[in-house]
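Asker:
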Ligand code: SAH
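Residue numbers (the working numbering): 351 to 699.
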């Protein structure tokens with residue numbers, strides 16, 4: 351029996367070439383690494399014992415040197431509308447949440463990118479949890495893999511879409527989110543098409559420029575909520591150092607490279623952004639690059655400081671935007687009864 355190395359490394363932090371080198375150093379064939387890689391990613395193995403096409407000695411060797419920091423779905427809740435929320439336990443005991451959203455045509459996975467969030471948007475429950483740490487690529491990947499399994503198990507349908515709209519700000523965990531996406535879209539991973547994937551951001555201008563330079567192939571959504579600097583700053587502190595003008599410039603650059611419509615997410619609140627001037631400002635912002643607008647329903651997060659605006663206000667926005675050629679959808683919340691809707695993820699369970 352091999353003794354355990356003092357500190358075992360997270361095997362999914364190794365590149366394939368590093369794993370090949372490990373096997374060569376231990377007198378084995380480099381192709382062993384491919385077999386292990388397939389277990390780790392494509393087959394989502396949770397421990398080395400599952401790797402039944404490897405000899406017992408090889409499994410013991412791996413176990414002595416490495417850990418698999420697989421996530422564990424700790425609790426699963428289902429909403430009356432079919433939405434499933436997973437509270438996911440990480441290897442260090444921290445919890446994040448991810449959501450499966452079924453509709454007639456799609457099954458969407460909504461995944462977290464950080465434990466907590468540093469952005470302090472005033473209307474968001476996740477903002478009340480301080481940011482604890484970034485998720486690793488494998489922890490992001492595992493959330494998608496778990497929802498893909500649930501989709502097949504409970505709905506007998508494949509997972510069709512992935513949105514980074516869970517906890518955290520994906521562009522503040524850029525490298526890990528990109529590494530996760532690389533694996534999610536790889537034929538050696540989940541083989542999902544990049545065009546089925548949307549990264550949602552509070553709108554960090556310099557990171558949008560970086561994404562454009564990196565020529566990413568997924569879609570971009572920006573949580574806008576106001577196209578007036580004073581209003582936006584009052585509800586989203588990020589706007590103080592990252593103004594709408596900078597955001598607009600970054601989006602122009604993004605569009606010059608990606609050539610695909612951006613989606614603006616926008617909640618209309620009573621007394622905050624429900625006036626014609628607010629809608630006019632949004633229309634002006636929408637002319638910067640081709641876009642569509644999702645008017646999303648507000649999900650109250652307790653103290654009542656924010657209230658969803660009237661249907662009239664929503665229709666006012668929709669008429670103005672649509673009559674100027676901008677596709678505008680009014681989106682109802684899903685999974686509200688289990689706190690699984692946008693902005694409600696706060697580890698209540
Ligand atoms: N940090 C990223 C992704 C997480 S938030 C971002 O800001 O885009 C996912 C979406 O939910 C964002 O559009 C966010 O603005 C919105 N949201 C946050 N709190 C909400 C609430 N209480 N009701 C409705 N939408 C909310």
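Virtual Cβ for every residue (Gly too), placed ideally from N, Cα, C.
Buried or exposed for residue 462, going by 16 or more other Cβ atoms inside 10 Å?
Answerer: Classification for residue 462: buried.
Asker: Entirely within the region 630-683 and at least 3 residues each: give me those beta strand (DSSP E) ranges in chain order.
Answerer: List check, beta strand (DSSP E) in window: 641-646 and 678-681.
Asker: What do you get for residue 575, buried or exposed, if any count of 16 or more other CB atoms within 10 angstroms of its CB means buried?
Answerer: Buried, by the Cβ-count rule.
Asker: How is residue 473 classed by DSSP in three states: helix, strand or coil?
Answerer: Coil.
Asker: Consult DSSP for residue 482 and reduce its assignment to one of helix, strand or coil.
Answerer: Looking at residue 482 - three-state DSSP - the assignment turns out to be coil, as it is neither helix nor strand.
Asker: Does the distance from the CB of residue 390 to the CB of residue 418 come in under 8 Å?
Answerer: For residue 390 and residue 418, yes; Cβs fall inside 8 Å.
Asker: Just to check my reading of the structure: residue 491 and residue 435 have Cβ atoms closer than 8 Å, yes? What is that Cβ distance to the nearest angstrom?
Answerer: Incorrect: roughly 19 Å between the Cβ atoms, too far for contact.
Asker: Just verifying my parser: in three-state terms, what is the DSSP assignment at residue 559?
Answerer: Helix at residue 559.
Asker: If you reduce the DSSP assignment to three classes, tell me which class residue 497 lands in.
Answerer: Helix, per DSSP.
Asker: Do you know how far the Cα of residue 538 is from the Cα of residue 595?
Answerer: Approximately 41 Å between the Cα atoms of the pair.
Asker: Verify the contact flag: residue 692, CB atom, against every heavy atom of the ligand MG, threshold strictly below 7 Å.
Answerer: Annotation note on the ligand MG: not contained in the displayed structure, which lists the ligand SAH as its ligands.
Asker: To test your reading of the DSSP string, which unbroken alpha helix (DSSP H) runs of 4 or more residues are found completely within the region 351-437?
Answerer: Correct list: 366-375, 381-390 and 406-415.
Asker: Starting from the Cα of residue 641, find the closest Cα among 620, 660, 659 and 677 and give me that residue.
Answerer: Out of 620, 660, 659 and 677, 677 has the C-alpha closest to the C-alpha of residue 641.
Asker: So residue 622 packs on residue 645, CB below 8 Å; how close in whole Å?
Answerer: Incorrect: roughly 14 Å between the Cβ atoms, too far for contact.
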